[in-house]
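What follows is a single structure, written as structure tokens, with notes after it.
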Amino acid sequence: MAFRAPLNQACRRATASSSATFALSSPLASQWRRSNATVAPSKTDLAHGSKGPTAVMFMNMGGPSTTDEVGGFLSRLFADADLIPLGRLQNYIGPLIARRRTPKIQKQYAAIGGGSPIRKWSEHQAAEMCKILDKTSPETAPHKPYVAFRYANPLTEDTYKKMLEDGFGGGNGGRAIAFTQYPQYSCSTTGSSLNELWKWRNRLEGKRATGEVDPEGAITWSVIDRWPIHEGLVEAFAQNIEKTLATYPPEKRDDVILLFSAHSLPMSVVNRGDPYPAEVAATVYAVMQRLGMKHQYRLVWQSQVGPQPWLGAQTSDTVKNLIQKGNTDMILIPIAFTSDHIETLYEVDEEIIGEDAKGYDGVKRAESLNGNLVFIKALADIAKAHLESGSPCSPQMTLRCPGCVSERCLAQKEFFAGQAKEIQAQA
Numbered sequence: 001m002a003f004r005a006p007l008n009q010a011c012r013r014a015t016a017s018s019s020a021t022f023a024l025s026s027p028l029a030s031q032w033r034r035s036n037a038t039v040a041p042s043k044t045d046l047a048h049g050s051k052g053p054t055a056v057m058f059m060n061m062g063g064p065s066t067t068d069e070v071g072g073f074l075s076r077l078f079a080d081a082d083l084i085p086l087g088r089l090q091n092y093i094g095p096l097i098a099r100r101r102t103p104k105i106q107k108q109y110a111a112i113g114g115g116s117p118i119r120k121w122s123e124h125q126a127a128e129m130c131k132i133l134d135k136t137s138p139e140t141a142p143h144k145p146y147v148a149f150r151y152a153n154p155l156t157e158d159t160y161k162k163m164l165e166d167g168f169g170g171g172n173g174g175r176a177i178a179f180t181q182y183p184q185y186s187c188s189t190t191g192s193s194l195n196e197l198w199k200w201r202n203r204l205e206g207k208r209a210t211g212e213v214d215p216e217g218a219i220t221w222s223v224i225d226r227w228p229i230h231e232g233l234v235e236a237f238a239q240n241i242e243k244t245l246a247t248y249p250p251e252k253r254d255d256v257i258l259l260f261s262a263h264s265l266p267m268s269v270v271n272r273g274d275p276y277p278a279e280v281a282a283t284v285y286a287v288m289q290r291l292g293m294k295h296q297y298r299l300v301w302q303s304q305v306g307p308q309p310w311l312g313a314q315t316s317d318t319v320k321n322l323i324q325k326g327n328t329d330m331i332l333i334p335i336a337f338t339s340d341h342i343e344t345l346y347e348v349d350e351e352i353i354g355e356d357a358k359g360y361d362g363v364k365r366a367e368s369l370n371g372n373l374v375f376i377k378a379l380a381d382i383a384k385a386h387l388e389s390g391s392p393c394s395p396q397m398t399l400r401c402p403g404c405v406s407e408r409c410l411a412q413k414e415f416f417a418g419q420a421k422e423i424q425a426q427a
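Numbering (UniProt numbering), first residue to last: 1 to 427.
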């Protein structure tokens with residue numbers, strides 16, 4: 001089913017598709033940065049001219065903060081057909097897999113301190129970004145940070161309720177930005193988070209008997225749905241790589257191989273046209289351009305689950321194969337993650353570096369973005385450009401995967417694209 005033309009045209013002012021091969025300092029790159037954003041409408045014009053407050057919701061998959069939360073986290077994760085498609089028996093197979101894996105995964109979280117630090121870092125990043133935004137975008141201040149996780153606390157439902165308690169929506173109107181913390185878009189990650197946000201928006205903000213949502217007094221949403229080659233993101237990655245390269249002896253430094261590791265996807269998702277592999281590759285290429293293309297590199301994929309085919313080559317296999325070929329100096333870069341969590345602290349640090357590369361001190365990992373100030377400034381820059389734009393989402397978001405058959409996905413995209421009317425009315 002194609003998008004209706006008015007909705008598609010409503011998003012044309014947002015992100016233009018662009019090649020990862022252009023220089024990040026070029027006018028095209030600057031234009032991409034400025035346009036990779038969307039506008040949320042004003043809640044009220046205050047005496048000093050601000051159209052704030054503005055809510056900024058950071059969306060991510062999340063992680064259990066304690067080992068007791070692992071079971072619920074896995075249950076929600078394996079129930080999500082957008083992330084792990086299990087077919088018609090999803091509701092039966094998903095809980096079985098979650099229960100079987102819980103004890104093993106609890107041990108892994110215990111090994112990294114008893115829980116995931118992703119909530120701590122997400123809340124820190126959101127709060128610090130909003131402080132910067134209050135200074136750089138006073139016309140939309142104050143900016144209120146929120147974190148909404150897909151599978152762990154704080155869940156999207158609870159965060160939405162907190163926003164209502166804080167005076168957004170619920171008859172009060174107001175603006176909010178759904179800011180994905182997946183730099184590269186996938187229907188299984190950002191798409192799933194937006195599906196969940198759309199669901200709770202319908203349930204919590206006045207669903208009519210006809211099935212239509214009454215927009216009067218509800219939050220008006222806009223979406224930052226991807227930012228794979230933003231120069232601040234690229235610079236933060238590049239600086240972390242350079243910092244790690246500096247730990248090698250000068251005579252070995254130029255021969256270090258860079259392995260950019262991203263979360264894999266089932267090939268069933270890739271083959272229906274998901275843009276994630278291409279956008280991750282764009283980030284990698286942009287970082288390599290910033291580094292001068294001086295090092296050999298590969299893009300590899302981690303975190304495969306289950307027997308079905310996933311995107312490869314797998315990170316662990318690549319490390320072992322390179323070591324067998326005599327390449328023992330390499331840096332793993334978590335290119336699709338914005339903070340540490342189980343995939344970096346356990347899978348990469350403990351399993352791949354600690355076991356697969358045991359005894360090879362030249363196999364290292366670049367630091368995650370976490371509290372990196374360059375990265376947080378980049379988030380603020382993206383959000384500021386978002387607030388200066390006039391679109392509810394990027395034009396890329398309105399293009400469904402060629403093989404998509406999900407009516408929920410279509411309805412979600414139509415909803416967010418349709419927010420253009422509310423934005424224009426309140427501009």
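All residues carry an ideal CB built from backbone N, CA and C; glycine is no exception. Since we're looking at a predicted model, the values are computed, not measured.
Between the CA atoms of residue j and residue i - distance to the nearest angstrom
i: I97; j: V374; result: 39 angstroms
i: E165; j: G171; result: 12 angstroms
i: A218; j: L399; result: 26 angstroms
i: A246; j: D317; result: 26 angstroms
i: A279; j: S264; result: Inspection of the sequence shows that residue 279 is occupied by Glu rather than by Ala. Near 13 angstroms, if we compare the C-alpha coordinates of S264 and E279.
i: P6; j: G418; result: At P6 the pLDDT is 39, less than 50, meaning the model places this residue with poor confidence and gives no usable figure here.
i: F22; j: V70; result: Interpretation of F22 is limited by its pLDDT of 34, a score under 50 that renders its predicted location unreliable; the figure taken from the coordinates is listed afterwards. Whole-angstrom Cα-Cα distance: 43 angstroms.
i: E414; j: W198; result: 10 angstroms
i: Q296; j: L311; result: 21 angstroms
i: Q412; j: V270; result: 20 angstroms
i: S122; j: V56; result: 12 angstroms
i: E157; j: M59; result: 12 angstroms
i: E355; j: R201; result: 45 angstroms
i: L89; j: L83; result: 15 angstroms
i: A148; j: A110; result: 24 angstroms
i: S42; j: R175; result: Confidence at S42 is low in this model, with a pLDDT of 41, below 50, so the placement of that residue should be treated as unreliable; the coordinate-derived value is given next. So the two alpha carbons sit approximately 5 angstroms from each other.
i: P307; j: C187; result: 21 angstroms
i: L28; j: G390; result: Annotation note: pLDDT 37 at L28 (below 50); position unreliable, coordinate value reported separately. Computed Cα separation, rounded: 19 angstroms.
i: G114; j: T67; result: 6 angstroms
i: T244; j: A238; result: 10 angstroms
i: K131; j: M397; result: 28 angstroms
For residue j and residue i, believed in contact at Cβ under 8 angstroms, the rounded distance
i: R119; j: G62; result: 7 angstroms
i: residue 432; j: G232; result: The question about residue 432 has no answer here: the residues shown for the chain are numbered 1 through 427.
i: K144; j: T54; result: 7 angstroms
i: K294; j: D254; result: 7 angstroms
i: S75; j: P95; result: 6 angstroms
i: D340; j: N372; result: D340 to N372, Cβ: 12 angstroms. No contact.
i: K162; j: Y151; result: The Cβ separation is near 18 angstroms, so there is no contact.
i: K252; j: D329; result: 6 angstroms
i: D80; j: S192; result: 6 angstroms
Where the beta strand (DSSP E) through residue i begins and ends
i: P334; result: 330-334
i: L311; result: Here L311 belongs to no beta strand (DSSP E), and DSSP marks it neither H nor E.
i: V300; result: 297-302
i: T398; result: From DSSP, T398 is part of no beta strand (DSSP E); its letter is neither H nor E.
i: R175; result: 175-180
Short Cβ contact (8 angstroms threshold) for residue i with residue j
i: P392; j: A420; result: yes
i: T180; j: I224; result: yes
i: S222; j: I177; result: yes
i: P334; j: S261; result: yes
i: V305; j: I352; result: no
i: V300; j: L258; result: no
i: V348; j: A357; result: no
i: Y285; j: Q108; result: no
i: Y185; j: P275; result: yes
i: P402; j: R272; result: yes
i: A281; j: L332; result: no
i: S137; j: K384; result: yes
i: L204; j: I241; result: no
i: T220; j: E422; result: yes
i: Q125; j: L379; result: yes
i: N195; j: R408; result: yes
i: R315; j: Q324; result: Per the sequence shown, residue 315 should be read as Thr rather than Arg. Contact flag unset, no.
Residue i, enclosing alpha helix (DSSP H) - first and last residue
i: H124; result: 118-136
i: W200; result: 190-204
i: M163; result: 156-165
i: V256; result: No alpha helix (DSSP H) holds V256; DSSP gives it neither H nor E.
i: A218; result: Where A218 is concerned, there is no enclosing alpha helix (DSSP H), given that its DSSP letter is neither H nor E.
i: I423; result: 420-425
i: K144; result: Counting along the chain, K144 falls outside any alpha helix (DSSP H), though it belongs to the beta strand (DSSP E) covering 143-149.
i: N321; result: 315-324
i: T102; result: 90-111
i: V405; result: Here V405 belongs to no alpha helix (DSSP H), and DSSP marks it neither H nor E.
Any non-hydrogen atom of the ligand MG closer than 7 angstroms to residue i Cβ
i: P266; result: The model depicted lacks the ligand MG and carries no ligand whatsoever.
Just to confirm the assignment: which complete beta strand (DSSP E) runs, minimum length 3, are found wholly within the stretch 331-395?
363-365
In chain order, which continuous runs of the alpha helix (DSSP H) of length 4 or greater are located wholly inside the stretch 237-294?
250-253, 267-271, 276-290
Which runs of the alpha helix (DSSP H), 4 residues or longer, sit entirely within the stretch 56-86?
70-78
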